[in-house]
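If you're matching positions, the sequence shown starts at 4 in this note's numbering and goes up one per residue. Glycine included, C-beta positions come from ideal geometry on N, C-alpha and C. Worksheet for the structure shown next.
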Amino acid sequence: MVTIRPMASSDLDEVAQIESEIYDYDIWTRESFREEVELKKHAHCFVLTDNEVIAGYIVVWFYAGELHIGNVGIGSAFRRKGLGKELIRFILAHFPEAESAYLEVKKTNSPAIRLYEQFGFSALMERRAYYNDGSDALVMVKNMTL
Ligand SMILES: CC(C)(COP(=O)(O)OP(=O)(O)OC[C@H]1O[C@@H](n2cnc3c(N)ncnc32)[C@H](O)[C@@H]1OP(=O)(O)O)[C@@H](O)C(=O)NCCC(=O)NCCS
């Protein structure tokens, strides 16, 4: 059974482990996730579990009507089962008061770009050398009032 619930401090080891397996640039550490879960007032962090095993996670910031997707990932063993879609669908529905949603995605990350396009995100601009491997980011935006 697939469930989405708030990320707890006890999830941090597992989440950081998945993060280190799926990213090879700008990897968030356990401490980065801990700050989001425990300290940041406008951060909202969730895990998606598949039969109680953490399969993925999402971290967003919501402030002044603007939703910003900061990090999202699905563990390699759980891909292409619609779980990424579940997380994005969940998070957009979770903030009905949001007026717009933003995110940065690596320009070459076509799986993620397709996922976001399915939810009505479109490219707004590029940020040069945004990631710590020197690669560029695409800023994508969705108007949530439509
Ligand atoms: C991007 C990511 C979250 C997608 O997760 P997922 O659970 O595999 O995605 P889903 O099964 O829900 O697929 C949703 C859509 O994404 C797109 N997609 C996902 N993987 C894809 C792939 N390998 N190739 C092409 N399109 C892909 C498709 O449009 C797919 O829709 P479809 O199944 O109707 O064709 C996952 O690949 C991931 O964690 N990648 C590494 C981390 C990352 O890139 N995060 C986003 C950074 S901004």
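Residues in its own chain within less than 8 Å of residue i by CB, not counting five upstream and five downstream?
i	result
T111	S138
A140	E107, V108, K109, K110, E129, R130, Y133 and Y134
Can you list, in chain order, the residues of its chain whose CB lies under 7 Å from that of residue i, leaving out five sequence neighbours each side?
i	result
H47	V63 and F65
I30	E22 and S23
A115	V108
E41	S12
M10	V18, V40, C48, F49, V50 and Y60
A126	L141 and M143
D14	V50 and I57
M4	N54
So residue i is in the alpha helix (DSSP H); what residue range does that whole segment cover?
i	result
L141	Not the alpha helix (DSSP H): L141 falls in the beta strand (DSSP E), residues A140 to N146.
H97	L86 to H97
F124	Looking at the DSSP string, F124 is not in any alpha helix (DSSP H), and its letter there is neither H nor E.
E41	R33 to E41
DSSP puts residue i in a beta bridge; with which residues?
i	result
R131	R131 is not bridged to any residue.
G59	L51 and I77
H71	W64 and Y105
A115	BP columns for A115 are empty, so no partner.
S12	S12 is not bridged to any residue.
T6	T52
A46	W64
From which residue to which residue does the beta strand (DSSP E) around residue i run?
i	result
A104	S103 to K109
Leaving out the 5 sequence neighbours to the left and right, which residues in its chain are closer than 6 Å to residue i when beta-carbon positions are compared?
i	result
F93	I7
G123	K145
D136	Y28
Throw me the rounded Cβ distance for the residue i and residue j pair, which I believe falls under 8 Å.
i	j	result
L70	F98	5 Å
I25	S79	6 Å
L90	V75	6 Å
G73	E100	Actually they are not in contact, since the Cβ atoms of G73 and E100 sit about 19 Å apart, beyond 8 Å.
L217	K88	Outside the displayed span of the chain (4 to 149) sits residue 217, for which this structure offers no information.
Touching by the beta-carbon criterion (3+ pairs, under 8 Å), the segment 58-78 and the segment 21-37: yes
Check whether the segment 142-149 touches the segment 96-105, taking contact to mean three or more Cβ pairs, one atom from each stretch, closer than 8 Å. yes
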